[in-house]
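A.B. asks: Quick one: structure below, then a few questions.
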Amino acid sequence: MKIAVLGIGMMGYLMARRLCDAGHTVHAWNRTQAKAERLIPFGATVCAQAADAVKSADVVICLLENGMVVGDVLFAQGVDKALQPDALVIDMSSIQPSEARDHAARLSEIGIAHLDAPVSGGTLGAEQGTLAIMVGGKAADFERAQRVFKVFGRSTHVGPHGTGQLAKLANQMIVGITIGAVAEALLLCEKGGASMAKVKEAITGGFADSRILQVHGQRMVDRDFTPHGRMSVQLKDLRNALATAQAIGFDAPVTQLFEKLYSDGIEHGLTDLDQAGLFVELASRNGMS
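If you want it as C-alpha cells, here you go:
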C-alpha cells in the first residue's frame, strides 16, 4: 500500500519504520524535516509539505501533537484538497473525542473516510509491533485498515467516530493514576526503611501486580526517567479526559487530583521526564531524593 505518515516523533518514527519493513511505500512528513529524514535509509520518501506526502496515498496516518495541530495539518495545510478520493485517513494521535468527531465530519463532507485510532504501549510497543489500537469509526473502514493495523499490533473497533479517543482517555486515566499509586506506595516503603526493589518483588504476582508496577515501577527503583512517554503528554491526556468529562456532565475527582499532581511536577521542571517521573514530584514533597 501507499501510506503517508504525518508526524515523525518518537512514535511516528518507529511506526513508519515498521511500515517500511513490511514492504509498504511510505511518504513521510514532519514539521522538522530532519526527523523525517531518519527514515530515508529504510526506504521512505521524505516530503517538504504534508499535502505532497498524501497525493497518491491509499492511507494517511496522522501521529501529531494534539487536536489543534491535526486540524491545522488536515485543513489549513492543504491535505484535505490533496487527498485521493478513496483515501482513508487514520488519526493515531491522542486528541479529544469531540475533535475526532469534527475532523471525521469535515472529511466526510468531501467524501473521505476517517478513523480515530490512538494507541497504547509506548515506544517499546511501537518498536515491537505490540501496540493496543483503539478504533472509532465505521466498521467497514476498520476492516479496510486491518493491513495497516496488523503492522502495529492488536486493534479493537470500539464504536463510532470519537470512541477510539474516548477509549484512549480511559487508558491514560488508568495509566496516570496507577503510576501515582505505585510511586506513592514505593516511596512510603522506602521512607519506612524497606527496599523498594524487594517490595516490588514481594508484591509481584499478587492483586497489586500490573504492567505499570513492572515497567514504571522498575524505572522508579532504578531512578531512570529517560522519556518513553513524557510527563507533558500524560498531563495533556488527563486534561483531555477532564474536558470530555465536563462536556458530558461526568464528575472525575480522581483524575482531577492527578491532573494537579502532574501539573505541579511540570511546574517544578519535570516536563521532559518519562511519565513515571511523577515519582520525582512525590519524592520531593516528602524530602526524598
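The sequence shown begins at 0 in numbering that gives the first Met the number 0 and counts up by one. By construction, the Cβ of each residue, glycine as well, lies at the ideal position given by its N, Cα and C atoms.
For THR225 and ARG105, I'd like the C-alpha separation in whole angstroms.
C.D. replies: Indexing the sequence shown from 1 puts residue 225 at position 226. Indexing the sequence shown from 1 puts residue 105 at position 106. So the alpha carbons of these two residues sit roughly 39 Å apart.
A.B. asks: Roughly how many whole angstroms lie between the Cα atoms of THR270 and LYS80?
C.D. replies: As a first step, residue 270 is located in the sequence shown; it is residue number 271 there, counting from the start. As a first step, residue 80 is located in the sequence shown; it is residue number 81 there, counting from the start. Cα to Cα, the separation comes out at about 36 Å.
A.B. asks: Going by CA-CA distance only, name the one from SER55, ALA180, LEU187 and HIS102 that's closest to GLY286.
C.D. replies: As a position in the sequence shown, residue 286 is number 287, starting the count at 1. Measuring from the Cα of GLY286, the nearest candidate turns out to be LEU187.
A.B. asks: Considering only their Cβ atoms, is the gap separating GLN164 from PRO96 smaller than 8 Å?
C.D. replies: To locate residue 96, count along the sequence shown from 1; it is residue 97. To locate residue 164, count along the sequence shown from 1; it is residue 165. Judged by beta-carbon spacing, GLN164 lies within the 8 Å limit of PRO96, meaning their Cβ atoms are closer than that value.
A.B. asks: Give the DSSP-derived three-state secondary structure of MET133 in the structure shown.
C.D. replies: Working through the sequence shown from its first residue, we reach residue 133 at position 134. In this structure, MET133 counts as strand in the three-state DSSP scheme.
A.B. asks: How is the alpha helix (DSSP H) around THR162 delimited, first residue to last?
C.D. replies: Here the question's residue 162 lines up with position 163 in the sequence shown. 162-190 is the span of the alpha helix (DSSP H), which, as asked, contains THR162.
A.B. asks: For ALA125 and LYS259, what's the separation of their Cα atoms in angstroms?
C.D. replies: Here residue 125 refers to the residue found at position 126 of the sequence shown. Here residue 259 refers to the residue found at position 260 of the sequence shown. So the alpha carbons of these two residues sit roughly 29 Å apart.
A.B. asks: What do you get for SER194, buried or exposed, if any count of 16 or more other CB atoms within 10 angstroms of its CB means buried?
C.D. replies: Translated into the one-based positions of the sequence shown, residue 194 becomes position 195. Exposed, by the Cβ-count rule.
A.B. asks: Note down the Cα distance separating HIS227 from ALA275, rounded to an integer number of angstroms.
C.D. replies: As a position in the sequence shown, residue 227 is number 228, starting the count at 1. As a position in the sequence shown, residue 275 is number 276, starting the count at 1. Roughly 9 Å separates the two Cα atoms.
A.B. asks: Report all residues from its chain with a CB closer than 6 Å to the CB of ALA240; omit the five preceding and five following residues, and keep chain order.
C.D. replies: Residue numbering aside, residue 240 sits at position 241 when the sequence shown is read from its first letter. Closer than 6 Å at the Cβ level, and outside the excluded window around ALA240, lie LEU168, MET172 and THR254.
A.B. asks: Excluding the 5 residues flanking ASN170 on each side, which residues of the same chain have their C-beta closer than 6 Å to its C-beta?
C.D. replies: In the sequence shown, residue 170 corresponds to position 171, counting from 1. Here the set comprises SER119.
A.B. asks: For LEU5 and GLY192, what's the separation of their Cα atoms in angstroms?
C.D. replies: Locating residue 5 in the sequence shown gives position 6, counting from the first residue. Locating residue 192 in the sequence shown gives position 193, counting from the first residue. So the two alpha carbons sit approximately 49 Å from each other.
A.B. asks: So, under 8 Å CB-CB, SER92 and VAL69 are touching, yes? Tell me the CB distance rounded to an integer number of Å.
C.D. replies: Within the sequence shown, the letter at position 93 stands for residue 92. Within the sequence shown, the letter at position 70 stands for residue 69. Confirmed, about 5 Å.
A.B. asks: Going by DSSP in three states, LYS149 sits in which element: helix, strand or coil?
C.D. replies: For this step, residue 149 is matched to residue 150 along the sequence shown. Helix, per DSSP.
A.B. asks: Output the boundary residues of the alpha helix (DSSP H) element that contains CYS19.
C.D. replies: Sequence index remark: in the sequence shown, residue 19 carries index 20 (1-based). Looking at the DSSP string, the run of the alpha helix (DSSP H) that includes CYS19 is 9-20.
A.B. asks: Using the Cα positions of ALA181 and ILE202, report the straight-line distance between them to the nearest angstrom.
C.D. replies: Taking the first residue of the sequence shown as position 1, residue 181 is located at position 182. Taking the first residue of the sequence shown as position 1, residue 202 is located at position 203. Inspection of the sequence shows that residue 181 is occupied by Val rather than by Ala. C-alpha separation (whole angstroms): 11 Å.
A.B. asks: Can you tell me whether DSSP reads THR270 as helix, strand or coil?
C.D. replies: Residue 270 sits at position 271 when you count from the first residue of the sequence shown. Note: THR270 maps to coil in three-state DSSP.
A.B. asks: What is the residue span of the alpha helix (DSSP H) that LEU106 lies within?
C.D. replies: If you number the sequence shown from 1, residue 106 lands on position 107. First-last of the alpha helix (DSSP H) with LEU106: 96-107.
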